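Undergrad: Numbering (UniProt numbering), first residue to last: 1 to 131.
Note that the Cβ used here is the ideal one computed from N, Cα and C, for glycine as well.
Please read all numbers here as calculations on a predicted model, not as lab measurements.
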């Protein structure tokens, strides 16, 4: 709640923006909603459980798989591998994900907000395999 507002002050955000966040319970808590309302921060309506609309979720999946393959033995390994693998994500991978966005939007509209094939190709299937 309060930390959201303080972060916006630190970032010197102007009032002409719309804040997007998913429907994770910590983002929809009463205190968060009150803080956003109190500070007149506009929010974008977003479907629940929608990694299909958020290409970064697929990058998180890529990162998890790459780090898992390296078998970190301790926290230091984990941190180092995460940084290295994040730096190794090709810009072409990012471009491909962003390029798929119009199709993702169409698919979510067609599915009336339900999960799409993009969700099933993404991080959640891999997360269940890894952890």
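#1: Between residue 60 and the ligand COA, is the CB less than 7 Å from at least one heavy atom?
#2: Rounding to the nearest angstrom, what Cα-Cα distance links residue 26 and residue 33 in this structure?
#3: Looking at the structure shown, is residue 32 part of a helix, part of a strand, or coil, going by DSSP?
#4: Can you tell me whether residue 62 is buried or exposed? The criterion is at least 16 other CB atoms within 10 Å of its CB, across all chains shown.
TA: Judging by the given coordinates:
#1: Ligands in the displayed structure: none, and consequently the ligand COA is not present.
#2: As a position in the chain shown, residue 26 is number 26, starting the count at 1. As a position in the chain shown, residue 33 is number 33, starting the count at 1. Straight-line Cα distance between these residues: approximately 10 Å.
#3: In the chain shown, counting from the first residue as 1, residue 32 sits at position 32. Collapsing the DSSP output to three states places residue 32 in a helix.
#4: The sequence position of residue 62 within the chain shown is 62, counting from 1. Looking at its Cβ environment, which holds 16 or more other Cβ atoms inside 10 Å, residue 62 is buried.
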